[in-house]
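Colleague: What follows is a single structure, and I will ask about it in a moment.
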Amino acid sequence: MPHPILICTVGTSLFRPNLEGLKDQLDKGSLPLERRRLAEAYARRDWSEVAQALAALPATDRLCGAEINSIASMIDKGYVDPQCGLYFLHSQTDEGREIANILWQYYHGRGHQPLELVEVPDLQDADPKRFRSKGLRHLARALAKVVWEHSPGACAINATGGYKAQIAIGVVLGQALGVTVYYKHELFSEVIAFPPLPVALDFELWMRASGMLGQLADSHLPVPAARYKEEWDERYEALVERVPIDGVDYLELSPTGQIFYETFQHRFRSVADQILPPPAPSKRPPVLEKAGWPGKHPEVKQFMQRVTDEVPFVVQCSTFYFNPDLPEQTRFLLSHGDVVGIFSEGNYCVKIRVETTAQTDGQREAAMAALNEWLRDPDYFRSPEQIKAERVAKERDEAWAAWEKTERQRAELRAQNAQLCQENEQLRQQNEELRAQVARAMEEREALNQEVVRLQADLDAQRAVAEQLRRTADDLAGQLRARERELAEARTPWWRRLLRW
């Protein structure tokens, strides 16, 4: 049955040597007319036009590149559906993005759905160390993500394009996940298939290593190897890479380890109900050792209470070790047949004995693996129905709280409105009083104006009388002076008057 989903790695053969060689022929003027359009579009870096020009060529033409050639061959052989969904996993480089963009436009025009581009972080050739330690891991993670989104049976992997190491990663991942991997060499006319082999990886090993693998998978930096000394198993060596830094061994997850972890993480979820211990019929509260430190770290008891409450098969948690100067990473492991939790917030370490309902070593290993998965996903032990019910209950509580808050706000607004109405009435009364006062003041001003007019008239009349009196006084004064002159003349002897004459 043809696969409906094809996951393709993307290389650079479309640009080099194909279109670069075509561009050289264009520069030399030796290019056939039917290919000139493609060469000119590539020279202009017009990727949309490049896609259209490629669509005009037969998909089997080697000029179209490894990806288009191999997909056409797989469709022709019936390995994948003619309208299969396509996921193009490309490198974190400019050329990778450009070629992926061309492929997207090419297949979008042919109606393929879904059609997605996935950029793989750290997949590049400028830094070989980063390519090996991070890029290939991210490739494995991206491949696994698409497979689990659609199911292994629906998917096929086309590992033709890209770096040679990607072929190995694709084949190993296909073997682990049960996905057929296809490869077409440029010199082969046929597509080579790598069907899944009937072999199984070590499930028990995954459960034992789940805590370490999960932390290494999530870490962007190497982790000190000494951190896992107590739980180390020689079989882990194939899953990690040792990185010496200043004479100290550090660990990074290898691409194989990434595939191993991704594969069994999903497989474990599908069989967890069959291998986990039964739920505890009763639970007991956490126990803190009698020492001075617990009072300084209430978060330890809170963590143990969460483990007891949220993990069905946990009966009780109790502390038995504390180191104030040993930074660790929170995880669960097996120690002398017991499930032990390590809790740390970066500057101290607490070890916790986790009592479970497990009766066999297999159940204890499964319990430890499930606890590590729970650390990464707090909803791990909740069913979809429980998650939905809790979400609905949370939304209901939030809606109720919002309604209560709204009612409180409405009550406050009503009280504020009543107070404002009261204040408004007081202001209205004050306004009426002020208007009355203003009216009285206007009347008083009018009366004062009239009094001022009357007083002004009186003053003007008095001024007129005074002026008349002044003129009368001036006349009398003039008459008096004339009379005095006459009297003075009369008293002068006659002979003096005669002499004046």
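Per the working numbering, residue -2 is the first one in the sequence shown, and the count goes up by one each step.
Cβ coordinates follow ideal geometry from the N, Cα and C atoms, glycine included.
For THR9, which residues in the same chain have their Cβ closer than 6 Å to its Cβ, ignoring the five residues on either side in sequence?
Modeller: GLU92
Colleague: What is the DSSP secondary structure of GLN121, reduced to helix, strand or coil?
Modeller: In the three-state reduction of the DSSP assignment, GLN121 falls in the coil class.
Colleague: For GLN22, collect the residues of the same chain with a Cβ closer than 6 Å to its Cβ; drop the 5 residues on either side in sequence, then sort them by chain order.
Modeller: Sequence-distant partners of GLN22 (beyond 5 residues in either direction) whose C-beta falls short of 6 Å from its own C-beta, in its chain, are LEU28.
Colleague: Compute the beta-carbon to beta-carbon distance between ALA511 and TYR76, rounded to the nearest angstrom, for a pair I have assumed lies under 8 Å.
Modeller: Given that the chain is displayed from residue -2 to residue 498, the structure contains no residue 511 and the question cannot be resolved.
Colleague: Would you mind stating whether PRO149 and GLY175 have Cβ atoms separated by less than 7 Å?
Modeller: Cβ atoms of PRO149 and GLY175: closer than 7 Å.
Colleague: Can you tell me whether SER130 is helix, strand or coil according to DSSP?
Modeller: helix
Colleague: With burial defined as no fewer than 16 other Cβ atoms inside 10 Å of the residue's Cβ, what is the status of ILE384: buried or exposed?
Modeller: exposed
Colleague: From VAL117 to CYS5, what distance separates their C-alpha atoms?
Modeller: 12 Å
Colleague: Given LEU86, which residues of its chain have a CB within under 6 Å of its CB, disregarding the five upstream and five downstream residues?
Modeller: THR6, VAL115, VAL117, ALA139
Colleague: Taking the alpha carbon of ASP58 as the point to measure from, which residue in ARG405, SER186, GLU201 has its own alpha carbon closest?
Modeller: Comparing Cα positions, the closest option is SER186.
Colleague: Please classify VAL196: does DSSP put it in a helix, a strand, or coil?
Modeller: For VAL196, the predicted structure reports a pLDDT of 47, less than 50, and the residue's modelled location is therefore unreliable. A value from the coordinates is still provided. VAL196: coil per DSSP, three-state reduction.
Colleague: In the structure shown, what three-state DSSP assignment does LEU330 receive?
Modeller: strand
Colleague: Specify the secondary structure class of GLY475 as computed by DSSP and reduced to three states.
Modeller: helix
Colleague: Is the CB-CB distance between PHE277 and THR354 below 7 Å?
Modeller: Reading off the sequence shown, one finds Ala at residue 277, where the question assumed Phe. Cβ atoms of ALA277 and THR354: closer than 7 Å.
Colleague: Per DSSP, which residues does GLN262 bridge with? Please list them.
Modeller: In DSSP, GLN262 forms no bridge with anything.
Colleague: Would you mind reading off the limits of the alpha helix (DSSP H) that contains GLN294?
Modeller: As written in the sequence, residue 294 is His, which differs from the Gln given in the question. It is not in any alpha helix (DSSP H) - HIS294 carries neither H nor E in the DSSP assignment.
Colleague: Distance check for ASN98 and PHE317, CA to CA, integer angstroms please.
Modeller: 57 Å
Colleague: For TYR377, which residues from the same chain have a beta carbon less than 6 Å from its beta carbon, with the 5 sequence-adjacent residues on both sides left out?
Modeller: Taking TYR377 as the centre and dropping the five residues before and after it, the same chain places the C-beta of GLU370, TRP371 closer than 6 Å to its C-beta, in chain order.
Colleague: With DSSP collapsed to three states, give me the class of ALA288.
Modeller: In the structure shown, ALA288 sits in coil (DSSP, three-state: anything other than H, G, I, E or B).
Colleague: Assuming ILE339 contacts GLU325 (C-beta within less than 8 Å), just tell me the rounded distance between them.
Modeller: The pair is a contact, with the Cβ atoms about 5 Å apart (cut-off 8 Å).
Colleague: Using the C-alpha atoms, what's the distance from ARG482 back to THR469?
Modeller: 20 Å
Colleague: Would you check if there are 3 or more beta carbon pairs closer than 8 Å linking the stretch 257 to 265 to the stretch 207 to 218?
Modeller: yes
Colleague: What residues in its chain sit with their C-beta under 7 Å from that of ARG32, if we drop five residues either side in the sequence?
Modeller: LEU19
Colleague: Thinking C-alpha only, which one of ALA269, PRO1, LYS74 is nearest ARG379?
Modeller: ALA269
Colleague: Using a Cβ-Cβ cutoff of less than 6 Å, which residues in the same chain neighbour ARG500 once the five nearest sequence positions on both sides are dropped?
Modeller: Only positions -2 to 498 of the chain appear in the structure, and residue 500 is not among them; the question remains open.
Colleague: With a threshold of 16 other CB atoms inside 10 Å of the CB of GLU64, please say whether the residue is buried or exposed.
Modeller: buried
Colleague: With distances taken between CB atoms, is the gap from ARG239 to ASP246 smaller than 7 Å?
Modeller: ARG239 places its beta carbon less than 7 Å from that of ASP246.
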